[in-house]
Amino acid sequence: MRAVTLHGHGDPEVLRVEHLRIPVPAPGEFRVRVAACAVCGHDALSRAGKLSAAPDAVLGHEISGVIEAVGSEDLEGWVGKRVALTQRRNCGECLDCQHGRDNQCRQGIGFYGDDTPGGYAEFVIADLNNTVEIPDSIPHEIGAVLNCGVGTGYRALKTSECRAGDVVLTTGASGGVGLNAVAVASSQSIRVIAVVSSETKVSAVRDVGADIVLVKPEHAQIREAARSLGRPRGVDAALELTGSPTFSLSYRSLRPGGALVLVGNVTGASDVPMPVGLTILKELRVLGSAHATRQDLIEVVELVEQGSLHIPKPTIFPLEQAAQAHAQLEQRTLQGRAVLIP
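Residue numbering for the sequence shown follows numbering that gives the first Met the number 0, starting at 0 and increasing by one per position.
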């Protein structure tokens, strides 16, 4: 099969097409023919050597496709089904899995691209624990972004405990997760103040439902925007998708009792300054939110199928142009997700 592999760590040029052996499903497993695989900032950090992917890894954890073969007779009914996959192959048995935190499982096969070959290829292996059926009405290029591109923001909004009428600040709002997070919030009648890095990104973010879009704002501008939406003391929550570059700005923008939800970090830096005094005085909350669980993905698929959630159209690249997709991601010229089609 054709696959894009890492030839060491470094710039996008280390992503090269080669031919690998087609994987064979073991008992309890599926072989999925990949129809689409989205490109994530996590992939870019892995490619650069800032995460745990090996130098010869096949990246890609946002996968949609069709089940082509199974490793045991009891799964034959799944052959031909259209599916989206969660990004982690979990065990289904550990305490985290039992408590609905299968995104935290460390007993299973692991994370596509880091621990097991990912979707920058024609085939991947999956199982019942990380597979969700998708209807014919959802194109594969949309199915690929539902798990991470959409599910990450969906889970973060759950974590924030925002309700209809609340105001949420979203940094990195024009990115693959950000644009979809704005769309999810808008679909739930949560008002959004979106932060972007350039004027060219404003219209796309506004089109998916942002109430106010600010370009590289100062703290005072965010506070004024919150005031105009009926939050004179700050926003109810902030989805921090950029990480260390905007952490302080987001944190200072919260109302008393507000929540900062840490979702992404574009630099890979592990430390940010924590204003302890402000945290105590305003009784602020800092919460981590990782990738979607299988249940999150099920719920997102249902929302899209019902027409309650409309997903921004991704930018399509053929598999052989994975390096170009990574280059545009790092240059921040993409709006929304890039998707590779084998």
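Ideal placement from N, C-alpha and C gives every residue a C-beta, glycine not left out.
Checking the DSSP bridge columns, you'll see Asp126 partnered with Glu28. For the pair Val195 and Thr332, the Cα-to-Cα distance works out to about 12 Å. In the displayed model, Thr170 falls within coil according to three-state DSSP, outside both helix and strand.
Around the beta carbon of Arg30, 16 or more other beta carbons lie within 10 angstroms, which makes this residue buried.
Here Thr241 carries a coil assignment [DSSP, helix/strand/coil]. Between the stretch 148-167 and the stretch 285-299, the count of C-beta pairs closer than 8 Å reaches three or more; the two stretches touch.
Proximity of the stretch 88-101 to the stretch 40-60 falls short of the contact definition, fewer than three beta-carbon pairs being nearer than 8 Å. With fewer than 16 other CB atoms across the displayed protein chains lying within 10 angstroms of its CB, Glu72 is exposed.
The Cβ atoms of Ala2 and Ala143 do not sit closer than 8 Å to each other. For Ala56, no beta strand (DSSP E) run applies, since DSSP gives it neither H nor E.
By alpha-carbon distance to Ala163, the top candidate from Ala172, Arg88, Ile192, Ser188 is Ser188. Linking Ile221 to Leu213 through their CA atoms gives a straight-line distance of about 8 Å. Here Gly256 carries a strand assignment [DSSP, helix/strand/coil].
The DSSP-derived three-state label of Pro317 is strand.
DSSP places Ser159 within a helical segment (H, G or I) once states are collapsed to three. Straight across, the Cα-Cα distance linking Glu301 with His18 is about 36 Å. Per DSSP, the continuous beta strand (DSSP E) segment holding Gly287 begins and ends at 284-287. Contact check for Arg20 against Glu67 fails: the beta carbons are separated by 8 Å or more.
With respect to Val78, Ala34 sits apart: the two C-beta atoms are not nearer than 8 Å. Per the Cβ contact rule, the stretch 45-54 is not in contact with the stretch 78-87 (fewer than 3 Cβ pairs under 8 Å). Non-local C-beta neighbours of Ala53 in its own chain, meaning closer than 8 Å and more than five positions away in sequence, comprise Leu5, ordered along the chain.
DSSP places Gly142 in the uninterrupted alpha helix (DSSP H) bounded by 139-144. In this structure the stretch 262-278 does not touch the stretch 127-135; the number of beta carbon pairs closer than 8 Å is below three.
In the same chain as Gly118, and ignoring 5 residues on each side of it, the C-beta atoms closer than 6 Å to its own belong to Val33, Cys36, Gly59, Ile62, in chain order. Here Gln294 has Gly99 as same chain residues with Cβ atoms under 7 Å from its own Cβ, once five neighbours each way along the sequence are excluded. For the stretch 79-116, the full-length alpha helix (DSSP H) segments reaching 4 residues or more read 94-97 along the chain.
Secondary structure remark: continuous alpha helix (DSSP H) runs of at least 4 residues inside the stretch 171-229, in chain order: 175-186, 201-206, 218-227. Residue pairing by DSSP puts Ser63 in a beta bridge opposite Ala35, Ala83. Counting along the chain, the unbroken alpha helix (DSSP H) around Ala43 starts and ends at 40-46.
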